[in-house]
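In this note's numbering, the protein residues as written are 5 to 155.
Here is the structure:
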């Protein structure tokens, strides 16, 4: 994606990510899907109205055993994974997704901050999966050497 924002990033977002070994797939003029390391799901990056939005879809809430303890643990983890947030995407009426998300001001974004955010997603998903495995309805078996049995 050739970003319109060039204040502190001298290269486009896609070029920065590619130079750090990330595979990128351009979806439209303002949306990139980024392959994260050891995770089959893709990070969605959207540039819109001067902001860069990041979202990683984790899984449908319906796949988890609902309990107060689960939500308490998610809130606690939310504190630990700053600058990211765990949220529930309710944009689909019948399929609510647990997601990791954050947003940054595009004009203040530099290359180091972009890469740090992507690394934050890789670290947070590992912690989140370890928490969720205790609440997964059908049980969760992680594949050897991988953190993402959910995908």
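C-beta: ideal position from N, C-alpha, C; glycine also.
Item, Value
"Among 108, 112, 101, 22, nearest to residue 121 - alpha-carbon criterion", "108"
"Own chain partners of residue 89 with C-beta closer than 8 Å, once the 5 adjacent residues on each side are dropped", "82, 104, 105, 106"
"Assigned secondary structure, residue 56 (DSSP; H/G/I helix, E/B strand, else coil)", "strand"
"Helix, strand or coil at residue 86 according to DSSP, with G and I counted as helix", "coil"
"Within 8 Å, strictly: CB atoms of residue 77 and residue 140", "no"
"Distance between residue 54 and residue 113 (C-alpha atoms, nearest Å)", "11 Å"
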